[in-house]
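Protein chains: 2
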Amino acid sequence: MGAGYVTLEQVAEHAGVSLATASRVINGSTRQVSERLREKVTASARELGYLANASAQTLARNSSSLVGLIVHDISDPYFSSIASGVTRHTEEQDLVLVLGTTSRSHHRESRLLATLRAHRARAVVLVGSRATDEEANKRLAKEIDVFRGQGGRVACVSQPGLPADTVSPDNHAGAADLARHLMAQGHREFAILAGPTDLSTARERLDGFHSALSSAGLGLAHHNVVHGDFTRDGGYESTRRLMATGNDATCLFAVNDVMATGAMAALRDLGKSVPGDLSVAGFDDIPTLRDLTPALTTVRLPLEEMGRRAAALALDGEPAQEPRVVTVRGEVVERASTAPPAC
Amino acid sequence: MGAGYVTLEQVAEHAGVSLATASRVINGSTRQVSERLREKVTASARELGYLANASAQTLARNSSSLVGLIVHDISDPYFSSIASGVTRHTEEQDLVLVLGTTSRSHHRESRLLATLRAHRARAVVLVGSRATDEEANKRLAKEIDVFRGQGGRVACVSQPGLPADTVSPDNHAGAADLARHLMAQGHREFAILAGPTDLSTARERLDGFHSALSSAGLGLAHHNVVHGDFTRDGGYESTRRLMATGNDATCLFAVNDVMATGAMAALRDLGKSVPGDLSVAGFDDIPTLRDLTPALTTVRLPLEEMGRRAAALALDGEPAQEPRVVTVRGEVVERASTAPPAC
DNA sequence: ACCACGGTGGAAAACACTTTCCTCTCTGTA
DNA sequence: TACAGAGAGGAAAGTGTTTTCCACCGTGGT
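As given, the protein sequences belong to chains A and B, one line each in that order.
Taking the numbering used here as reference, the numbering of the first sequence is continuous, increasing by one, and the terminal residue is 343.
Taking the numbering used here as reference, the numbering of the second sequence is continuous, increasing by one, and the terminal residue is 686.
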């Protein structure tokens with residue numbers, strides 16, 4: 001036991017062939033090896049329990065089978081859904097997925113990218129809304145350029161703008177569609193849980209919703225837009241703040257489902273019924289949250305599919321010269337959490 | 344741009360020192376290097392943008408900074424919660440997490456373990472219920488032994504029994520506690536969504552529940568135990584089947600929260616109220632599902648903490664000779680989905 | 001004044017592969 | 001019968017580190 005590792009050299013010796021021949025048999029080299037030797041080598045490898053040393057291979061080939069996946073928080077179902085799509089695609093190709101989580105720190109994001117570069121990762125999928133902080137984006141873009149300069153490929157799931165292929169949900173259009181849908185239901189006064197001010201995704205959804213209202217001649221009172229964390233608890237807390245100040249909205253739009261979940265909990269705690277007293281809508285259509293009661297009206301994004309697409313952009317075919325952008329249009333899903341306003 | 348990589352040799356040359364000295368400066372070697380040369384080297388490294396080649400380091404040191412995490416399905420909140428704990432711990436130690444998903448295939452599980460071994464991963468955390476299939480367990484145990492024989496460490500989150508440290512939820516006791524709790528509420532007739540027959544976790548929870556009933560002199564009708572997938576849809580479908588045959592239970596125990604979610608959806612579709620017509624209880628206390636209505640009575644497992652503990656077992660301190668088992672006792676959380684039976 | 005020794009630096013081996021280049025042996029053709 | 005060329009095997013160089021081993025220098029003790 002613990003006799004250490006079996007090396008290719010030992011396999012070659014056991015099979016009575018050269019190291020080169022053994023290598024050609026074990027990996028699928030272009031070079032031909034006679035059937036006789038080929039069988040000897042595979043037999044020896046099996047018998048000795050040979051397993052190639054991945055680091056040595058990476059070093060010699062200067063290319064690894066590692067693929068990075070960078071998300072903010074893997075326990076957030078938004079990210080884990082996307083991650084699921086990415087894993088599916090990478091595992092089909094027998095690649096190894098490295099998971100990095102940033103906790104929304106730009107610094108960690110750059111560091112992770114560097115780590116992946118150190119490992120000669122073949123590609124990396126970067127998931128998560130860009131910040132509106134231009135400085136941070138520039139640093140990230142530079143890090144991406146370096147990564148690509150060393151032969152790595154990069155795809156993002158977020159806003160376009162980084163020097164990489166991007167799968168981008170059309171947040172603006174989705175939110176506008178939702179707004180129109182809710183207006184058609186009869187709503188005129190809206191409140192919005194707008195999430196963090198410096199998060200592009202949150203901002204785009206707010207803007208899209210707002211601009212649809214404007215086009216319809218509706219305004220959005222300043223005190224009806226409240227910012228807060230992009231989380232369930234952020235939604236809860238934002239809703240408490242919103243309701244504390246008193247407001248006249250008939251419909252509450254939370255810029256993501258997780259916040260909407262917090263909102264519904266807060267409203268329940270306040271004794272308000274949904275959609276009786278107030279309609280609530282979200283965005284994303286998180287699978288795990290589809291069983292909430294009342295079921296959430298939302299904008300469906302094909303999260304897992306988006307992850308798969310991003311992985312495909314980063315791995316399949318030839319690397320593109322110009323960043324490609326795949327825009328994903330969300331689809332309004334009406335469920336029980338919204339209804340025509342009472343009066 | 345894209346001039347390729349900067350190697351340590353280039354750094355050494357640029358700094359006018361030997362390769363050995365450069366190496367000693369860059370990594371924290373025990374060997375002393377004079378302040379003068381040390382500064383020259385760090386300056387050169389910074390100037391050239393040196394980044395060590397991780398594969399070369401792994402090869403030379405014969406130990407990598409990779410840590411494996413193997414789960415069945417990362418989009419399942421049970422696993423993503425545990426994964427979150429594992430990532431937290433590994434990232435604190437600047438290790439790189441490799442995520443593998445098995446889709447509940449034993450074969451894939453073994454293959455992933457081999458891949459991790461090929462990469463000289465320092466440790467692996469294996470999450471997910473063992474099967475009752477002895478053959479598969481034996482193969483897995485053997486693979487674990489080989490991994491450990493090559494210096495890797497292993498920790499599991501599951502049933503004890505594998506040759507590795509294990510964080511193990513006390514499913515039997517938790518389910519028994521829950522049963523006693525529900526009996527105290529006045530329930531006498533139970534139905535159980537028992538999950539797959541070949542999954543230890545499911546079986547233990549069923550057994551624990553059952554044995555508590557037996558101790559109280561209660562039986563469990565055969566037709567009130569229905570098996571099915573360990574998923575939301577499995578819960579839904581199992582419930583439909585259960586209700587189709589007609590039954591006299593006042594309380595339904597689903598052996599995990601995800602199935603309980605499906606059960607509640609099915610009951611809603613059938614026009615049954617929870618807990619009015621039927622109480623429902625789950626197991627796990629998945630954070631994302633805490634906002635269901637009615638809120639689910641369940642047995643809380645500290646999932647993220649369990650992940651963290653497992654990572655700690657696999658990484659901290661000295662490897663144990665004998666497998667250590669950390670048993671985690673769940674805690675019954677009563678919420679609105681259960682109530683005393685109607686009559 | 002000599003010697004032993006601790007502290008530094010460098011040359012080179014080791015790590016486990018891949019791949020280039022060379023050699024040798026056939027086969028087929030002139 | 002010779003020779004070109006293809007096919008197959010092996011020696012060895014390369015991949016970027018770490019680490020061992022050796023050499024050297026200066027210091028302090030005798």
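Positions of the beta carbon are idealized from the N, C-alpha and C atoms, including for glycine.
So, is residue i buried or exposed, given that buried needs 16 or more other C-beta atoms within 10 angstroms?
| i | result |
| --- | --- |
| B/Asp600 | buried |
| A/Asn27 | exposed |
| A/His107 | exposed |
| B/His566 | exposed |
| B/Gln502 | buried |
| B/Glu452 | buried |
| A/Leu162 | buried |
| B/Asp558 | Reading off the sequence shown, one finds Ser at residue 558 of chain B, where the question assumed Asp. So B/Ser558 ends up on the exposed side. |
| A/Gln57 | buried |
| A/Arg122 | buried |
| A/Asp165 | buried |
Should residue i be flagged as near chain A, meaning a C-beta pair shorter than 9 Å?
| i | result |
| --- | --- |
| B/Ser581 | no |
| B/Gly571 | no |
| B/Thr350 | no |
| B/Asn396 | yes |
| B/Thr631 | yes |
| B/Met607 | yes |
| B/Leu402 | yes |
Going by the CB atoms, is the gap between residue j and residue i shorter than 9 Å?
| i | j | result |
| --- | --- | --- |
| A/Leu95 | A/Thr102 | no |
| A/Val67 | A/Leu97 | yes |
| B/Gly605 | B/Gly562 | no |
| B/Ala603 | B/Thr641 | yes |
| A/Ile74 | B/Ala498 | no |
| A/His187 | A/Pro287 | no |
| B/Leu521 | B/Phe422 | no |
| B/Gly625 | B/Asp513 | no |
| A/Thr245 | A/Leu278 | no |
| B/Gly443 | B/Arg463 | no |
| A/Gly128 | A/Arg104 | yes |
| A/Ala184 | A/Ala212 | no |
| B/Leu656 | B/Val510 | yes |
| B/Val349 | B/Lys383 | no |
| A/Ile70 | A/Val125 | yes |
| B/Gly517 | B/Gly551 | yes |
| A/Arg309 | A/Val255 | no |
| B/Gly392 | A/Val146 | yes |
| B/Ala461 | A/Asn53 | yes |
Anything in chain B within Cβ reach of residue i, meaning under 9 Å, just list it in chain order.
| i | result |
| --- | --- |
| A/Leu97 | Val441, Leu442, Gly443 and Thr444 |
| A/Leu359 | This structure cannot speak to residue 359 of chain A, because chain A is shown only from 1 to 343. |
For residue i, does the three-state DSSP call read helix, strand or coil?
| i | result |
| --- | --- |
| B/Leu409 | strand |
| B/Gly443 | strand |
| B/Glu435 | helix |
| A/Leu193 | strand |
| A/Arg46 | helix |
| A/Arg344 | Because chain A in this structure spans residues 1 to 343, residue 344 of chain A falls outside the shown range and cannot be described. |
| A/Asp170 | coil |
| B/Phe490 | helix |
| A/His107 | helix |
| B/Val617 | coil |
| B/Ser558 | helix |
| B/Thr670 | strand |
| A/Phe230 | coil |
Name the chain B residues whose beta carbon is nearer than 8 Å to that of residue i?
| i | result |
| --- | --- |
| A/Pro77 | Ser418, Pro420, Ser423 and Thr631 |
| A/Arg120 | Asn396, Ala397 and Ser398 |
| A/Arg117 | Leu394 |
| A/Ser44 | Result: empty, since nearest Cβ-Cβ is about 18 Å, beyond 8 Å. |
Residues of chain A with CB closer than 7 Å to the CB of residue i, please, in chain order.
| i | result |
| --- | --- |
| B/Thr604 | Asp291 |
| B/Ala457 | Leu51 |
Less than 9 Å between CB atoms is the rule here; does residue i satisfy it with respect to chain B?
| i | result |
| --- | --- |
| A/Gly2 | Bear in mind that a pLDDT of 40 at A/Gly2, under 50, signals an unreliable position, so the model cannot answer this. |
| A/Thr166 | no |
| A/Ser355 | Absent from the model: residue 355 of chain A. The displayed extent of chain A is 1 to 343, so no value can be given. |
Quick one: list the residues of chain A neighbouring residue i, beta-carbon separation under 9 Å, in chain order.
| i | result |
| --- | --- |
| B/Arg531 | Result: empty, since nearest Cβ-Cβ is about 28 Å, beyond 9 Å. |
Can you pull the chain A neighbours of residue i, defined as C-beta to C-beta under 8 Å?
| i | result |
| --- | --- |
| B/Thr681 | None at all; the shortest Cβ gap to chain A is about 16 Å. |
| B/Ser407 | Ser55 |
Cβ closer than 7 Å: which chain B residues qualify as neighbours of residue i?
| i | result |
| --- | --- |
| A/Thr298 | The premise fails here: A/Thr298 is roughly 14 Å from chain B at the closest Cβ pair, so nothing lies under 7 Å. |
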